[in-house]
Every structure is written in structure tokens, then in C-alpha cells.
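There are 2 protein chains.
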Amino acid sequence: MITLEDLALKAGVSHSTVSRALADSPLVNPATKARIQNLAQEAGYQVNQVARNLKVRTTKTIGLVVPEVSNPFYPELIQQVADRAKLAGYSLQLHLSAADQESESACIASLAGNRADGILLVTGERGLIARSQVNSLVASGTPVVIMGWVEDAEHLDLVAGDDAAGGRELAYHLADLGHKRIVVLGKPPHRGVLDRMVGFSEALTERGIPLLPEMVIEVASEEEVRIGVSDLLKLPEPPTAIFAYQDSLAAVVYRQLEKEGLSIPNDMTVVGFDNLDLATYLSPELTTVGTHISPLTSAFVSLLVARIQGTYPDPTPQSIIVTPRLVVRASSAPPRSQLNLTDSIS
Amino acid sequence: MITLEDLALKAGVSHSTVSRALADSPLVNPATKARIQNLAQEAGYQVNQVARNLKVRTTKTIGLVVPEVSNPFYPELIQQVADRAKLAGYSLQLHLSAADQESESACIASLAGNRADGILLVTGERGLIARSQVNSLVASGTPVVIMGWVEDAEHLDLVAGDDAAGGRELAYHLADLGHKRIVVLGKPPHRGVLDRMVGFSEALTERGIPLLPEMVIEVASEEEVRIGVSDLLKLPEPPTAIFAYQDSLAAVVYRQLEKEGLSIPNDMTVVGFDNLDLATYLSPELTTVGTHISPLTSAFVSLLVARIQGTYPDPTPQSIIVTPRLVVRASSAPPRSQLNLTDSIS
DNA sequence: AAACCTATTGCAATCGTGTGCAGAAGTACC
DNA sequence: GGTACTTCTGCACACGATTGCAATAGGTTT
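Protein chains in written order, with numbering that gives the first Met the number 0: chain A, 0 to 345; chain B, 0 to 345.
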């Protein structure tokens, strides 16, 4: 790899002059500047960023840590973050935190070691694991912005959707349609989606609809989803609607219902949460609630970049909450009468 | 951020000793070594990788450039590459090449500037754009491995699926089912999938089935897919099967057929290409062909890592071709008679 | 006791850039 | 012609780590 020194030799000047010429400094004679720039061009000179980073104490890199990527929510997020980061002049260092045991800690340590200018951290099912690391990183001057659920968030810069509000929207929607027996289906230890459940059940009670214990199903795998759904249909009074915590879970519910010979929404209403592209791939298209990812990521990276550049007006930790929106599609409808439903099952 | 020098002061030794202690060098007294390590621990010392990288002329970073991420093929790929890279001790620098105009060139330049130890490059619809940059990068000693279609590939390390073979498999499958009027549907400028088409049509002619010009539909957007499908159904002799170049296109075809009131596979057989997770989300589950991504990514990163470490036995450029596999699911069936079909349309 | 060896540590150079400061031209002004 | 000023260039240090080599101290050998 060719260096400043190499160019300097060719041009018959010192490396300082070359450096300044390539930085388009007004300190260097326009003629020599042009000469040097041409030389660099044709020699295919590529500045050594790692040397440069060391000197200028900045890497123009932001770290993005995301739990995984099989849930379609994350790819959409990554794409947008990447676009926005590039626009602001930053490269992306991607880490998947669910990939190894040490999870977030290892990712953050790596990013800290590589002196990322800032870190975007999307929490996983168990919330923010590496809390203390984040604290000390922030204390030492590296901005970190969190997305997602996190316990005791007031000392962190945070961007999140208002999951409780989303849950309420869905509950109202189902209640308005006339559903009385409603199932909630989700992963048990997933703290990030607990608020969805809370908002949902609050709104149901508010409308005088009981959420019976047997109607709250905790599932840890696709297999358990299928079994859970199958069991529900055997109840003496089966539900008329299923609320899946996530669109991707709803997709599994779809498949099982189809296997059982039920049609959506005639025999069963299904609603999800997230409003992914996936929701429109399903058939019938899924009624769901969610923020557009776009305002989320917009706040996410613009807050971080502002922190990095010290341009954010308010120095205290921010909590940016984006309100989700109900998207009614074809998977929700008023319930059939009990009689018809049992008929169609037998 | 705390440096070696800071630690050295605290420990009352020189920074060289600290460096060696942290590297667990046998050159330093076990007692002082332990003392220094404790000190570093409690001071929360994090080695400055950018300084280290400059000195050791290595970054333990590999660049991954991928066109985009909305096609579900890529997230699956990213996940696996990230896992394998981490396993080999490398971080990932992610670039999305379709995000900006300069496309691949800008990504590669950035990675070269940041002195990535190696680059994994997944080509997009138009094949490898930044050919000359890749060449000079490889010439200067940075290994690059390409995945996907590329013109004139013999001087590059390459990993790809055998798309022509996959296309043939699909053609045989449809022919065996008894289909005669078969539509091929894909994006026009997408060189990467041309081989699918070639293999497919070769196999059809081999079986004596003509692939009429009006049966080859080029579509550039979702909207065009819908129009294209809709138009097909108005033909005097509509097709009985549709081959979509990609699973994600097949998903759009599904939606349009549903809107038109046709049922898959009774009224129309649909097959895709890629064998994504998406294929099993669809209903009915999609018959498709594709390699498992796993052997692809495995070859992808292990070849690159071997090149970086100089452990690959054969120094000449490799072409690793992975053979895809036909996965028959519920979306393909023998054609109905012409009469029934036209009935169900009207 | 001199010579030698070993274990441990520090000195100093190095990686490739950026940049403050000094110095060298060249120019203008009195 | 001397002074001051402008314009340009180079010297040298810094960024924070690694590492070859020299140096020290202590112990062993003869």
C-alpha cells in the first residue's frame, strides 16, 4: 500500500505538503496542489484511515449492535440505519449480540476497543444486559443510544415505540369488532414486549372484557406455538381472536390455523404487532400495529450523530417515544356466532 | 480513555512492560504481570485497537458488502457471515452497496481505506461493478472473495450457486407434472439470475416444451408483477404454471393470484428460486429450488479467512460452485384442464 | 573473584497521518 | 537597501500501541 511518504518522494516535496494538498488546504500552492492530487489519483493512493484515525482521534464509524437478524424487523432497521449513517458520513460496524454467549458485552467491548465514535444498541428479549459497560462508556465520552425496552431508562439516551399504546389500540380494535374471548400469545421472558401485553390487557378490562389466565399463552418455540394454537381450538369455548406479540409469531399462527382447517378472519381473527413488510406478504394481509421503522431509525441515528458532534441542544439523557399506529387489514373481522364456529371445527 | 502510559505510571513501570504484561508475555515477571493485569482490570483499560492496528498492520476486520437487505436472502446471509466471522476472530464492517450511487466502488474504497483484512463482496443485479478496484485491491494484497454472478470470473475467488442447474431442476419438475404452458417472470437487467432462466429454458426445450416469447415476462416493480400476472390470465390460453426468478417475486405473484380469485396450486402452479425462509411462510408453502445458504456462507468466509492467513493450499483463484436442491412443497401440482381453468376465471 | 548466564525491564524506533511552528523565499513599501 | 509582510514549505512531534535491542541485577560457574 502506497503512503504519503511515497507520494512525497515522487512529487519531490515533503509528506506534510502532500498531506495538506490532499486535504485541499489553502496553505499549499495551487499549482503543486494540483500536481500532487493528480499524482495521488494515478497512483491509486488510498489514505490509511487507521493511521489517520489514530492521529485525529476519531473514526467516523458508528457501531450497531442488534440481537439477531432472523426476525424481519431487524433487517429493515439495519438497512435504514446504514443509509442514514452513510448520509451523515459514518461507516457501520455491525455486531449481532445474540450470536455468542457474552452477548452484548463482547460487542460493546469490541466497539469500544475499535474506538467507534458512537454506538447504537438495540436491546434483545431480556432488555439491556451490558448496563454497566454502557454507563462507563458514556461516562468516558462515547455516546450510546439505546433502542427498545430497558429497565430504569432515565439515565440513557433512548428511542422506543410506545408499546403500551399500541397494545391498547389493538385491544380497542378487537373490542369494537365484538370479540369477547381473546387470546394473547407471546414469548415468556421477552421483557421488550411486556408493555404490549400490559396496554392490551388494561384496555380490555377498561372495556369490561376479561382476560382469562387460560387465554394467555406463553410460547418459546414455533413448535409450542402450534401446540398452543391447537390446544386452544379444543377448548369448550374456543377464542374468536388471537393477538400475537409479534408479526413473525402471527405468521406461525397462520400456518397452524390453516392446518387445522380454519379460515382467517371468518373462523378466527388474528392480529400481530410490529407492522413489518411480512404483514403484507401473509394471506390474508395481517392487521397489526406498529410504528413505521422510519421515524424510529431517524430519531435513533440523528440523536446519536448529534451527540457525537455535540450539537444536540439538551445535554441530559433523552427518551424519544414514537407512537405506533393501528393498521387494519384483512385478518380481523367480527366474530362468528359460537354455534357456527364449533360446527366448522368438528 | 486510559492508555498504556497511564497504567505504566500507576504501576511504576514502563509502558513496554505493561504492553507485554497484558499480552501475557513470558518476558515479564509473573508477580508484576499479575499486578499489572489487576490494575488494568480495575481501571477498565481497553486497548486502543486503532493504535494497535497501525502498529501490527492488521485490523482483524472483514468487510461485507451486500446490495441491500430488503430481499430476505441477504439477512440470512449476513447473520451467518457474522457468526462465522466472529468465530474466526473477525469483526464485520457492513456496507450496503445499493444505498448510494457510487455503489460498490464507494464501499470498497472505504474498506480499503480502513484497511480491512479481507473483503466479502456479494454482487447485485448488475454483477460486479467495481471490477478494476477489486483487481487492484487483490493485486496489492487484500484478499477479496465474491459471491454471486460475475462476468468473466476466472481471475477471482468466487462462491456461487449453480443457478443453471437449479433452473433445470425446476423445469424438469414442471414438465414431469405435465405443464405445457409455462411463464417465466423476472427482473430484466438482473444478470445474476440470467443463468436460472437459461437452465430453465434449455431443460424445457429438451423436453419438447416451447417457451413462447409472450410467456417471458420482464417486470421491474411489484406493480408490474401484478399487471403482468393479471394480463396473463386474460390470454386466450392462459398458462398453467409460473416460474418466478426469486422467492420474493413469487410472494407478489401469490398476492395477485389471490386477488384474481385463483387458488394455488389448483388453478395455477407457482414455483420460485432461492429457498428462503419466506418460502415456508407463504401459504401454500412454495415449491422452490436453492442452495442452503449455509454451505454458501461457509465456503465464503472460510475461503476468505484462509486467504487472509495464507493457509489456503492453492494460490490460484478458486471457483466454488454449490449445487442447489429442488424442494417440492404445496404450490406445485399437475395442471387442470383448460376448460376448468377458463371457467374459474370468468 | 572474574566471567558468564538468565531473568526482567526500559529505551527507542516504528506504523502513517496531521499540524504547530519556524524558516525560506518572494514581494511591496518607505 | 532595509524592513515588514505574505506565501509557501519542511521539520519535528504527537497519536498509542508493539517489539528489537541494550541494560541491569542477581545468581552460577570456574
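Cβ atoms here follow ideal geometry from the backbone N, Cα and C, with glycine treated the same way.
- Look at the beta carbons and you see the stretch 182-199 of chain B touching the stretch 218-235 of chain B: at least three pairs across the two are nearer than 8 Å.
- Within the stretch 58-128 of chain A, the complete beta strand (DSSP E) runs of at least 3 residues fall at 60-65, 90-95 and 117-121.
- Ala163/A has its alpha-carbon roughly 5 Å from the corresponding atom of Asp194/A.
- Between the beta-carbon of Ala298/A and that of Val269/A there is about 30 Å, and that puts the pair past the 8 Å contact cut.
- In this structure, the beta-carbon distance from His14/A to Leu63/A does not fall below 9 Å.
- For Leu155/B, the closest alpha carbon among the candidates Leu119/B, Ala170/B, Arg125/B and Leu76/B is that of Leu119/B.
- The stretch 131-145 of chain B makes no contact with the stretch 30-42 of chain A: fewer than 3 CB pairs, one atom from each, lie closer than 8 Å.
- Using a Cβ-Cβ cut-off of 9 Å, Lys85/A counts as an interface residue toward chain B, since at least one Cβ of chain B sits closer than that to its own.
- DSSP places Arg190/A in the helix class (H, G or I) of the three-state scheme.
- Taking 9 Å as the cut-off, the beta carbon of Pro323/A is found closer than this to the beta carbon of Gly160/A.
- Within the stretch 248-265 of chain B, the residues whose Cβ lies closer than 8 Å to some Cβ of chain A are Ala250, Tyr253, Arg254 and Glu257, listed in chain order.
- Contact between Leu176/B and Pro333/B is confirmed by a C-beta separation of about 5 Å, below the 8 Å threshold.
- Taking 9 Å as the threshold, the shortest C-beta distance from Gly309/A to chain B does not fall below it.
- Contact between Gly117/A and Leu303/A holds: their C-beta atoms lie close to 5 Å from each other, under 8 Å.
- Excluding its 5 nearest sequence neighbours in each direction, Glu150/B has C-beta neighbours in its own chain below 6 Å: Gly126, listed in chain order.
- Across the structure, Thr239/B and Glu257/A are spaced so that their CA atoms are roughly 24 Å apart.
- Taking a Cβ-Cβ threshold of 7 Å, the residues of chain A close to Met0/B are Ser139, in chain order.
- For a Cβ distance threshold of 8 Å, residue set Gln45, Val46, Asn47 and Gln48 of chain A lies close to Gly112/B, ordered along the chain.
- Within the same chain, and ignoring the five residues on either side of Ser318/B in sequence, the residues whose Cβ sits closer than 7 Å to its Cβ are Ala152 and Leu157.
- Around the Cβ of Leu261/A, a 10 Å sphere holds 16 or more other Cβ atoms; the residue is buried.
- Take the alpha-carbon of Ala250/A and the one of Leu281/B: they are about 9 Å apart.
- What Gln92/B touches in chain A, judged by beta-carbon distance under 9 Å, is Thr60, Ser90, Leu91, Gln92 and Leu93, going in chain order.
- The bridge partners DSSP lists for Met214/B come to none.
- From the beta-carbon of Ser135/B, the residues of chain A found nearer than 7 Å are Gly43.
- A distance below 9 Å separates the beta carbons of Gln92/A and Leu91/B.
- Look at Val12/A here: in three-state DSSP terms it is coil, with no helix or strand label.
- Beta-bridge pairing by DSSP links Asp156/A to Val144/A.
- Its Cα nearest to that of Ile292/B, the residue Asp273/B stands out among Gln308/B, Asp273/B and Thr122/B.
- Within its own chain, the residues whose Cβ lies closer than 6 Å to the Cβ of Val121/B, once the five positions on either side in sequence are excluded, are Val65, Met146 and Gly147, listed in chain order.
- Ranked by Cα distance from Val192/B, the first of Val288/B, Asn134/B, Gln255/B and Ser131/B is Val288/B.
- Of Ala39/A, Val252/A, Ala22/A and Glu41/A, the smallest CA-CA separation from Ser330/A is found for Val252/A.
- Among the CB atoms of chain A, one or more fall inside 9 Å of the CB of Glu75/B.
- Within its own chain, the residues whose Cβ lies closer than 7 Å to the Cβ of Glu67/A, once the five positions on either side in sequence are excluded, are Tyr73, Leu95 and Ala97, listed in chain order.
- The continuous stretches of beta strand (DSSP E) do not include Ser229/B, which lies in the alpha helix (DSSP H) extending over residues Glu221 to Leu232.
- Counting only the Cα atoms, Thr279/B lies some 17 Å from Phe242/B.
- Going by DSSP, Thr296/B is part of the alpha helix (DSSP H) stretching over Ile292 to Gln308.
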